[in-house]
Amino acid sequence: MAVTVTTSTQASGQVRARYTVTLADARQFVVGPINCVSVEDANARASGIEQSIIEQVAENDADEVVNSGATLTTNRQRRACLRAGMQAEQAYIAHALMSRVMPDLLALNRTNAQLATLLDVSIETVQRIKARWQYLSDNAATINAYKAVQQGLV
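Our numbering puts the sequence shown at residues 2 to 155.
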């Protein structure tokens, strides 16, 4: 990965910086222009901008894996799947998404604090996820019947 910083100094003395972040897989992202105090300030911001891009790309890549239906292999992908399940308006969609993660997660027999660390979320988020999963799993038969009606299978 590499960050290229291009700066220009305005007549007012203000520095404008444009950052080009190139990832290992050759994808490029351009950020800017960003007003900076000096060239040194522009260079100092480079690593923060790079980390921000890396985090966002990793989240987007995890979302793509979830949406494709592929096997979830990382905790980031599992977290993305749970997030999608928590945000799903239709219960059958939420159940389908969360069922890709929750049985294995619960089989670990970890505390909420340990799950929070594993998934890099708060304990409160783990509690909300578990509560939603409990509701969905308790009502799986009704949810699946609704899904069948929605899809015209009945």
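Positions of the beta carbon are idealized from the N, C-alpha and C atoms, including for glycine.
Secondary structure at residue 9: strand, using DSSP grouped into helix, strand and coil. With contacts defined as CB atoms closer than 9 Å, residue 120 and residue 68 fail to qualify as a contacting pair.
Residue pairing by DSSP places residue 150 opposite no residue, since no beta bridge is assigned to it. DSSP places residue 143 within a helical segment (H, G or I) once states are collapsed to three. With respect to residue 113, residue 127 sits close: the two C-beta atoms are nearer than 9 Å. In the three-state DSSP reduction, residue 118 falls in the helix class (H, G or I).
A distance of 9 Å or more separates the beta carbons of residue 87 and residue 97. According to the DSSP assignment, residue 49 belongs to the alpha helix (DSSP H) that extends over 40-69.
Of the residues 14, 29, 11 and 16, the one whose Cα lies closest to the Cα of residue 5 is 29.
Contact annotation, residue 43 with residue 18: C-beta distance approximately 4 Å; criterion of less than 8 Å satisfied.
Only residues of its own chain outside the window of five on either side were considered, and among them 22 and 30 have a CB closer than 6 Å to the CB of residue 54, listed in chain order.
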